[in-house]
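> Quick note: the sequence shown uses numbering that gives the first Met the number 0, first residue 0, plus one each step. My structure is below; once you've seen it, I'll send some questions.
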Amino acid sequence: MPPKRSTLLGRNTSAANRMAASRDVESPEHRQNRLDDQHSRQAASRAAESPEQTRTQLGDQRSRQVVARVTESP
């Protein structure tokens, strides 16, 4: 049986390091284009979901926030 893969808690993967490095050296114009494209994809995704899906997602997010607030240290 192959050995169990270790978890990467708190560590970046090589792919994440590569992406961070490429974002560090991109031009401001390229960055703005990338963010505009992401904004457009997110808007299209939100427009395509049903009102019921939106309500469900917002309810789930509220639940996660309540748990996070309760468990955070003062």
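All residues carry an ideal CB built from backbone N, CA and C; glycine is no exception.
With a CB to CB cut of under 8 angstroms and the five nearest residues on each side skipped, what residues in its chain are close to residue 53?
Start at 1 with the first residue of the sequence shown, and residue 53 comes out as number 54. Contacts found: 45.
> From this set, 22, 42 and 43, which residue's C-alpha is nearest residue 33's C-alpha?
Residue numbering aside, residue 33 sits at position 34 when the sequence shown is read from its first letter. Closest option to residue 33, Cα to Cα, is 22.
> Which residues bound the alpha helix (DSSP H) around residue 9?
As a first step, residue 9 is located in the sequence shown; it is residue number 10 there, counting from the start. Note, residue 9: premise wrong, no alpha helix (DSSP H); not H, not E.
> Alpha carbon to alpha carbon, how far is residue 69 from residue 51?
What you label residue 69 is simply residue 70 of the sequence shown in a count that begins at 1. What you label residue 51 is simply residue 52 of the sequence shown in a count that begins at 1. Rounded to whole angstroms, residue 69 to residue 51 spans 27 angstroms at the Cα level.
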